[in-house]
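Heads up: the sequence shown begins at 5 in my numbering, then just goes up one per residue. For every residue, glycine included, the Cβ atom is placed at its ideal position computed from N, Cα and C. To start, the structure under review is shown below, and the notes come after it.
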Amino acid sequence: MIEQYHRVLNPFVYEGKKWSALVPDGSRETEWPYEYPPYYDYYARGSLYYAIITSVKNYGTATYYLDCAETADGEWLDGGKNYKLVMPAKVPVKDFWAITTYDLESASYIRNMNKSSIDSNMKDVKKNADGTLDIYFGPKPPKGKESNWLPTDPKRRFFLLARFYGPEPRLFDKGFTLNNVELVE
Numbered sequence: 005m006i007e008q009y010h011r012v013l014n015p016f017v018y019e020g021k022k023w024s025a026l027v028p029d030g031s032r033e034t035e036w037p038y039e040y041p042p043y044y045d046y047y048a049r050g051s052l053y054y055a056i057i058t059s060v061k062n063y064g065t066a067t068y069y070l071d072c073a074e075t076a077d078g079e080w081l082d083g084g085k086n087y088k089l090v091m092p093a094k095v096p097v098k099d100f101w102a103i104t105t106y107d108l109e110s111a112s113y114i115r116n117m118n119k120s121s122i123d124s125n126m127k128d129v130k131k132n133a134d135g136t137l138d139i140y141f142g143p144k145p146p147k148g149k150e151s152n153w154l155p156t157d158p159k160r161r162f163f164l165l166a167r168f169y170g171p172e173p174r175l176f177d178k179g180f181t182l183n184n185v186e187l188v189e
């Protein structure tokens, strides 16, 4: 079910990128009104509930989530390896954005970690001169970049949710694109 959710049910939003919308396309289009009896799409329903049962501290007036579980090469995000995501400057949101790590098998926060999210309201993260933000994931922080690091369990796979609170139109018309997660050697 996990592989099917991440690779089959939710097509990628941006060409050449591994980010997909959290809610499967068929679910958004029909809103499950049973227009096609006896088509119940148990997998799409299951994947939706697998994906959205989480808790957050802050809710904006409207939200939009994107999901990423693999690198550009199609490799699952492995908690024993180190990765980097370059978050673009000027993310099109009215409120804030957040990148959150989750355990791939359970879709819950990664156990025994003291930090699971980096967001645009955090004051201690170090932005690049061009306004982009390098976010690191892995079992140990890169030296000097601890504030921009999210810990992972080296024995488990993980995935990311990009959460957008107060999304603006440019987020939906693909005038904005999230970068792929890169393996860091």
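Quick check on the burial criterion: 16 or more other C-beta atoms within 10 angstroms. Buried or exposed for residue i?
i           : result
residue 112 : exposed
residue 132 : exposed
residue 190 : The chain is shown only over 5 to 189; residue 190 falls outside these bounds and no answer can be derived.
residue 102 : buried
residue 135 : exposed
residue 83  : buried
residue 158 : exposed
Look at residue i and residue j and say whether their C-beta atoms are less than 8 Å apart.
i           : j           : result
residue 190 : residue 161 : Nothing in the structure corresponds to residue 190, since the chain is present only between 5 and 189.
residue 20  : residue 85  : no
residue 72  : residue 154 : no
residue 188 : residue 87  : yes
Short of 7 Å in beta carbon distance, which residues of its chain neighbour residue i, apart from the five on each side in sequence? Order them along the chain.
i           : result
residue 17  : 23, 24, 25, 70
residue 93  : 134, 135, 136
residue 66  : 170, 171
residue 117 : 155
Only counting the same chain, and skipping five residues up and downstream in sequence, which positions put a Cβ closer than 8 Å to that of residue i?
i           : result
residue 149 : 130, 138, 140
residue 128 : 151
residue 80  : 73, 74, 108, 161
residue 178 : 17, 18
Grab me the residues of residue i's own chain with a C-beta within less than 6 Å of its C-beta, minus the 5 sequence neighbours each way, in chain order.
i           : result
residue 100 : 123, 124, 125, 169
residue 89  : 139, 185
residue 174 : 96, 180
residue 171 : 68, 97
residue 145 : 153
residue 104 : 120, 121, 165
task = Determine contact between the region 172 to 188 and the region 119 to 126, defined as no fewer than three beta-carbon pairs at a distance below 8 Å.
result = no
key: Any beta strand (DSSP E) of 3 or more consecutive residues that is wholly inside the region 66 to 130   = 67 to 72, 86 to 91, 97 to 107, 121 to 123
query = Which runs of the beta strand (DSSP E) spanning at least 3 residues fall entirely within the region 137 to 171, listed in chain order?
reply = 137 to 142, 153 to 155, 162 to 171
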